[in-house]
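Be aware that the sequence shown starts at -2, since it is given in the working numbering, and climbs by one per residue.
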Amino acid sequence: MFGLNLLLMKFMVLMIETIRKVQTMTTDTIEILTITKLKDLKSYNTKILLAKYNELAERPIKAVKTSRKEFCKRLLSLILEKNNKARSRAASSDKDKTKNKDSKPKTTDESKTVSISTDSIGEYKELDRAFKFYNERLFKGALPDTIISLRGRKSCNGFFRAQSFKSRENEEVEPDEIAMNPEHFSRSIEEILSTLVHEMVHSWQFHCGKKKKVTKYHNKEWAEQMELVGLVPSVTGAEGGKKTGQSMTHYIEEGGIFETVTAELLKSGLNLKWVRLQNLTKTKKSKVKYTCPDCDQNAWAKPDAVLRCGLCCDDMGEAVLMKSEE
-2 MFGLNLLLMK
8 FMVLMIETIR
18 KVQTMTTDTI
28 EILTITKLKD
38 LKSYNTKILL
48 AKYNELAERP
58 IKAVKTSRKE
68 FCKRLLSLIL
78 EKNNKARSRA
88 ASSDKDKTKN
98 KDSKPKTTDE
108 SKTVSISTDS
118 IGEYKELDRA
128 FKFYNERLFK
138 GALPDTIISL
148 RGRKSCNGFF
158 RAQSFKSREN
168 EEVEPDEIAM
178 NPEHFSRSIE
188 EILSTLVHEM
198 VHSWQFHCGK
208 KKKVTKYHNK
218 EWAEQMELVG
228 LVPSVTGAEG
238 GKKTGQSMTH
248 YIEEGGIFET
258 VTAELLKSGL
268 NLKWVRLQNL
278 TKTKKSKVKY
288 TCPDCDQNAW
298 AKPDAVLRCG
308 LCCDDMGEAV
318 LMKSEE
């Protein structure tokens, strides 16, 4: 009888410990004000991390489809943003109290309210303002009115499309389009504006250059006009890169006319506020491209594969290791 009672007592203790563990798992929360580094999130299980992400993010997700590390990085950025806003509100509140000691104190609900303008028209107005500014200062007003849009095309920063629209009121009016990719707006405003001018050079070539046909190839005429407006074309985006080709980028000429007039434009108050978040649920490639660094032979295999070229050997007589594009 005594042995049975002892067994029942052990069973009850085990049940109590299990219940406590379950309660801890379900009620545990992340104290965001104490989170400053990625390692601070390691002790929390995935369910709790997902719940905190959905609490902070504008677009909740059902499941974590990226690696835990990448997901924690995204969550950490949201937490730091939340903390910065909280500190800003606290600093603003203290400043208001100092200035207006006799004013009516804010209620708890009012102090938590953050007013942020999400006027999408404002972003378009700023880009349109920049287009008109550069048209006068860099192209002497030679470019026609152009519709500026915010939309992406794979990995490009922007693109030009001639006669992309048609007027409902007058079918003969067919304005061009310059599309800016908001997923790349995490760059500096000067770099974003350099993309705008890059596409304006395509517009100049279509309307004023000798080569009217729009193609993806960046030819010598386009490259020369880029340098005239203070942008140096380069296939690598750095000094010494080839200046013509199918897929081209550029870098800003130090002390050039673009850098000079852009400083003037930014000083006037032009600002771009928003950056589009990239898709968290992006699927991992099943196969990636591998290239031999010696003979440029290509092969495709799984991302974690180890491939060696069958044609090339290193100084030790071993087959050269092929490099992946990732």
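Glycine is no exception: its CB is placed at the ideal position from the N, C-alpha and C atoms. Note that this is a predicted model, so its numbers are computed, not measured.
task: Kindly indicate which residue of P141, S85, R134 has the alpha-carbon position closest to the one of G227.
output: Stepping through the sequence shown from its first residue, residue 227 is reached at position 230. G227 has its Cα closest to that of R134, out of P141, S85, R134.
query: Should I13 be labelled buried (16 or more other beta-carbon atoms within 10 Å of its own) or exposed?
result: Here residue 13 corresponds to residue number 16 of the sequence shown, with the count starting at 1. I13 should be labelled exposed.
query: Under the rule that 16 or more other beta-carbon atoms within 10 Å means buried, what is D173, buried or exposed?
result: Looking up residue 173 in the sequence shown gives position 176. Under this definition D173 is a buried residue.
- prompt: Grouping DSSP H, G and I as helix and E and B as strand, with all else coil, what is V111?
  reply: In the sequence shown, the residue the question calls residue 111 occupies position 114. Because the pLDDT at V111 is just 48, under 50, the model does not fix this residue reliably, and the value given afterwards should be weighed accordingly. Coil.
field: Beta bridge counterpart(s) of E174 as assigned by DSSP
entry: For the purposes of this step, residue 174 is identified with residue 177 of the sequence shown, where counting begins at 1. Paired residue(s): I144, R158.
query: Would K59 count as contacting chain C if we go by Cβ distances under 8 Å?
result: Here chain C cannot be found, since the structure has a single protein chain.
query: In whole angstroms, what is the alpha-carbon distance linking F68 and L75?
result: Position 71 of the sequence shown, counting from 1, holds the residue named residue 68. Position 78 of the sequence shown, counting from 1, holds the residue named residue 75. Rounded to the nearest angstrom, the two C-alpha atoms are 11 Å apart.
query: Are the beta-carbon atoms belonging to F130 and M197 less than 8 Å from one another?
result: Numbered from its first residue, the sequence shown carries residue 130 at position 133. Numbered from its first residue, the sequence shown carries residue 197 at position 200. The answer is no: Cβ separation not under 8 Å.
Among S191, P300, L308, L73, nearest to S321 - alpha-carbon criterion: What you label residue 321 is simply residue 324 of the sequence shown in a count that begins at 1. Nearest option by C-alpha distance: P300.
query: Where E187 and R305 are concerned, what is the direct C-alpha to C-alpha distance, given to the nearest angstrom?
result: In the sequence shown, counting from the first residue as 1, residue 187 sits at position 190. In the sequence shown, counting from the first residue as 1, residue 305 sits at position 308. Spanning the two alpha carbons is a distance of roughly 43 Å.
- prompt: R305 by DSSP, collapsed to three states: which one?
  reply: Within the sequence shown, the letter at position 308 stands for residue 305. Three-state result, R305: strand.
message: Quick test of your reading: E250 and V232, contact by CB under 8 Å. State the CB separation rounded to the nearest angstrom.
response: Looking up residue 250 in the sequence shown gives position 253. Looking up residue 232 in the sequence shown gives position 235. About 17 Å; that fails the 8 Å criterion.
Identity of the residue in V272, H204, A54 nearest G149 by Cα: One-based indexing of the sequence shown puts residue 149 at position 152. If we check each option's Cα against that of G149, V272 comes out closest.
message: Mapping the DSSP letters down to three states, classify A60 as helix, strand or coil.
response: The sequence position of residue 60 within the sequence shown is 63, counting from 1. Residue state, collapsed to three classes: coil.
task: Answer yes or no: do L269 and I189 have a C-beta to C-beta separation smaller than 8 Å?
output: Sequence index remark: in the sequence shown, residue 269 carries index 272 (1-based). Sequence index remark: in the sequence shown, residue 189 carries index 192 (1-based). Cβ distance < 8 Å, so L269 and I189 count as in contact.
Distance between beta carbons of T241 and N216, contact taken as under 8 Å: Residue 216 sits at position 219 when you count from the first residue of the sequence shown. Residue 241 sits at position 244 when you count from the first residue of the sequence shown. Right, the Cβ-Cβ distance comes to about 6 Å (below 8 Å), so this counts as a contact.
query: Nearest-angstrom Cα distance between G155 and M177?
result: By one-based count along the sequence shown, residue 155 stands at place 158. By one-based count along the sequence shown, residue 177 stands at place 180. Going from the Cα of G155 to the Cα of M177 covers about 4 Å.
message: Could you tell me the alpha carbon to alpha carbon distance between A48 and Q160, rounded to whole angstroms?
response: Position 51 of the sequence shown holds residue 48. Position 163 of the sequence shown holds residue 160. Using only the alpha carbons, I get a separation of about 47 Å.
- prompt: Of the residues D125, E236, L274, S164, which one's Cα is nearest the Cα of P179?
  reply: Walking along the sequence shown from the start, residue 179 turns up at place 182. Among D125, E236, L274, S164, the Cα nearest to that of P179 is on L274.
- prompt: When you compare each of C153, T246, D142, S164 to W201 by their alpha carbons, which one comes out closest?
  reply: The count along the sequence shown starts at 1 and reaches residue 201 at position 204. Among C153, T246, D142, S164, the Cα nearest to that of W201 belongs to D142.
field: Minimum C-alpha distance to D291 - residue among S265, C309, T43
entry: Position 294 of the sequence shown, counted from the start, is the residue given in the question as residue 291. With distances taken between Cα atoms, D291 lies closest to C309.
query: Looking at H204 and L140, is the spacing between their C-beta atoms short of 8 Å?
result: Taking the sequence shown and counting its residues from 1, the one referred to as residue 140 is at position 143. Taking the sequence shown and counting its residues from 1, the one referred to as residue 204 is at position 207. Yes; because the gap between Cβ atoms is below 8 Å, this pair is in contact.
field: Segment limits, beta strand (DSSP E) that includes V229
entry: Start at 1 with the first residue of the sequence shown, and residue 229 comes out as number 232. Unbroken beta strand (DSSP E) run through V229: 228 to 231.
First and last residue of the uninterrupted beta strand (DSSP E) at N295: Working through the sequence shown from its first residue, we reach residue 295 at position 298. That run of the beta strand (DSSP E) goes 295 to 298.
task: Measure from the alpha carbon of I221 to the alpha carbon of each residue in H247, A235, K66, then state which is nearest.
output: Along the sequence shown, one-based indexing puts residue 221 at 224. Ile is not the amino acid found at residue 221; the sequence shown has Glu there. Residue H247 is the option with its Cα nearest to E221.
- prompt: How many angstroms separate the CA atom of L77 from the CA atom of T43?
  reply: For the purposes of this step, residue 77 is taken as the residue at position 80 of the sequence shown. For the purposes of this step, residue 43 is taken as the residue at position 46 of the sequence shown. Going by the C-alpha atoms only, they are around 19 Å apart.
Distance between F162 and E169 (C-alpha atoms, nearest Å): Translated into positions along the sequence shown, residue 169 becomes position 172. Translated into positions along the sequence shown, residue 162 becomes position 165. Distance between the alpha carbons of E169 and F162: 10 Å.
- request: Measure the alpha-carbon distance for K7 versus S90 and round it to whole angstroms.
  value: Stepping through the sequence shown from its first residue, residue 7 is reached at position 10. Stepping through the sequence shown from its first residue, residue 90 is reached at position 93. Using only the alpha carbons, I get a separation of about 55 Å.
task: Express the C-alpha separation of V258 and E236 in angstroms, rounding to a whole number.
output: Against the sequence shown, residue 236 aligns to sequence position 239. Against the sequence shown, residue 258 aligns to sequence position 261. Computed Cα separation, rounded: 22 Å.
task: Work out the CA separation of E261 and Q294 for me, nearest whole Å.
output: For this step, residue 294 is matched to residue 297 along the sequence shown. For this step, residue 261 is matched to residue 264 along the sequence shown. Spanning the two alpha carbons is a distance of roughly 49 Å.
field: Contacting residues, own chain, Cβ-Cβ under 8 Å from G234 (five flanking each side not counted)
entry: Position 237 of the sequence shown, counted from the first residue, corresponds to residue 234. Counting only Cβ-Cβ distances below 8 Å, and skipping sequence neighbours, we find T246, H247, Y248.
task: Below 7 Å CB to CB, which residues in the same chain sit around K208 once its five sequence neighbours on both sides are set aside?
output: Within the sequence shown, the letter at position 211 stands for residue 208. Contacts found: Q202, N216, E218.
message: Taking the straight line between their C-alpha atoms, what separation do you get for L72 and T63?
response: Walking along the sequence shown from the start, residue 72 turns up at place 75. Walking along the sequence shown from the start, residue 63 turns up at place 66. Straight-line Cα distance between these residues: approximately 12 Å.
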